[in-house]
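Below you'll find the structure, written out as structure tokens, and then a few comments.
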Amino acid sequence: MVEDNGSIRTLSVDIGGSGVKALVLDVTGQPVTERGRLETPQPAKPDTVINAIAVLAANQGEFHRVSVGFPGVVRHGVTETAVNLDRDWIGFDFQTALANKLNKPVRVINDADMQGLGAIAGKGVELVITLGTGFGSALFVDGKLVPNMEMGHHKFRKGDTYEEQLGRAALEKIGDKKWNRRLQKAIASLEHLFNYDCLYIGGGEAVRVNLQLPLNVKLIPNITGLLGGIALWRD
Ligand code: BGC
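Every letter in the sequence shown is one number past the one before it in numbering that gives the first Met the number 0, and letter 156, counting from 1, is 155.
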């Protein structure tokens, strides 16, 4: 049982196409454990991913509630898409299944949305993109999230989507230099579309960004995906 709010610990989980990551946050959102990571099971079906989370959770010590960033559309805890995981996630009540497995309250949102919650300043129009297996996106106006913005699967150029042009498969195929040139074009296009005050670029491959970025574009570390977990419990 939790005696006072100050001692509430949140297990924050980030499910990616290549790794499942977890750490525990204190009530202020500061990490209190070392980040654990497991390879995303293949095939990445609900039961195998839930088991991986349970293994990570068992190594993270005490926690009272769980936040999860999921790489697909999530509505009321139900996963509606999972392009880089498995079709079995479509229509799956993930939030309930994980709560039953861990015996703790669980909240699940889109991974880019969670990353954004860990990054934004809360003022003006803030856009977040994540570069990893997939291409994630999140939009905030004065700190308020527009949930499940799936820009990754929208057309970007040459008939390809943002994810097809800038996801990990493309990066591995075309190499850093060409990928960075494409990213520069994407930034220019997004700037004109959203007229954002700030664009944040995160995700596992953000470390490979090698561009002179405008002042209103910031690179954020991948751990931000986990730090956003605390915001899911601010009602
Ligand atoms: C999914 C998004 C997700 C992104 C990054 C895309 O394929 O459709 O929901 O945010 O990958 O994981």
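Cβ atoms here follow ideal geometry from the backbone N, Cα and C, with glycine treated the same way.
Nearest residue (CA-CA) to residue i, options the options
{"i": "alanine 230", "options": "Leu24, Ser17, Gly15", "result": "Leu24"}
{"i": "leucine 10", "options": "Ile52, Gly18, Leu37", "result": "Ile52"}
{"i": "glutamate 33", "options": "Asp46, Leu55, Val26, Gly18", "result": "Leu55"}
{"i": "serine 6", "options": "Val26, Gly16, Val12, Leu22", "result": "Val26"}
{"i": "leucine 212", "options": "Glu190, Arg233, Pro30", "result": "Glu190"}
{"i": "proline 45", "options": "Asp87, Arg106, Asp175, Arg64", "result": "Asp87"}
{"i": "phenylalanine 69", "options": "Asn215, Asp85, Ala111", "result": "Ala111"}
{"i": "aspartate 175", "options": "Pro104, Thr47, Val208", "result": "Val208"}
{"i": "leucine 225", "options": "Gly28, Ser17, Ala57, Glu171", "result": "Gly28"}
{"i": "threonine 132", "options": "Lys157, Thr223, Ala169", "result": "Ala169"}
{"i": "alanine 96", "options": "Leu218, Asn109, Val67", "result": "Val67"}
{"i": "histidine 63", "options": "Gly158, Leu192, Leu22", "result": "Leu22"}
Residues near residue i in its chain [Cβ-Cβ closer than 7 Å; skip 5 each side]
{"i": "tyrosine 161", "result": "Phe134, Met150, Gly151, His153, Phe155, Ala185"}
{"i": "leucine 130", "result": "Leu165, Ile200, Gly202, Glu204, Ala205"}
{"i": "leucine 101", "result": "Ala53, Ala56, Val65"}
{"i": "asparagine 50", "result": "none"}
{"i": "proline 42", "result": "Asp85"}
Close-in-space but distant-in-sequence residues of the same chain around residue i (CB under 6 Å, 5 per side omitted)
{"i": "aspartate 196", "result": "Gly123, Val124"}
{"i": "glutamate 79", "result": "Val72"}
{"i": "proline 220", "result": "none"}
{"i": "valine 77", "result": "Asp92"}
{"i": "glutamine 183", "result": "Leu210"}
{"i": "glycine 227", "result": "Met113, Gln114, Leu116, Gly117"}
Residue i CB to nearest heavy atom of the ligand BGC below 6 Å
{"i": "glutamate 149", "result": "yes"}
{"i": "proline 45", "result": "no"}
{"i": "valine 82", "result": "yes"}
{"i": "proline 40", "result": "no"}
{"i": "glycine 135", "result": "yes"}
{"i": "asparagine 221", "result": "no"}
{"i": "alanine 111", "result": "yes"}
{"i": "glycine 76", "result": "no"}
{"i": "proline 146", "result": "no"}
{"i": "proline 70", "result": "yes"}
Whole-Å CB distance - residue i paired with residue j, under 8 Å assumed
{"i": "isoleucine 119", "j": "glycine 142", "result": "6 Å"}
{"i": "arginine 106", "j": "tryptophan 232", "result": "7 Å"}
{"i": "isoleucine 89", "j": "alanine 81", "result": "7 Å"}
{"i": "leucine 144", "j": "glycine 115", "result": "7 Å"}
Close Cβ partners of residue i (< 8 Å) along its chain, the five nearest in sequence each way excluded
{"i": "glycine 16", "result": "Thr39, Ala43, Pro70, Asn83, Leu84, Gly131, Thr132, Gly133, Arg167"}
Which whole runs of the beta strand (DSSP E) in the region 15-103 are 3 residues long or more, in chain order?
18-24, 35-38, 64-69
As an exercise, report each continuous beta strand (DSSP E) stretch of at least 3 residues that is fully enclosed by the region 148-176, in chain order.
154-156
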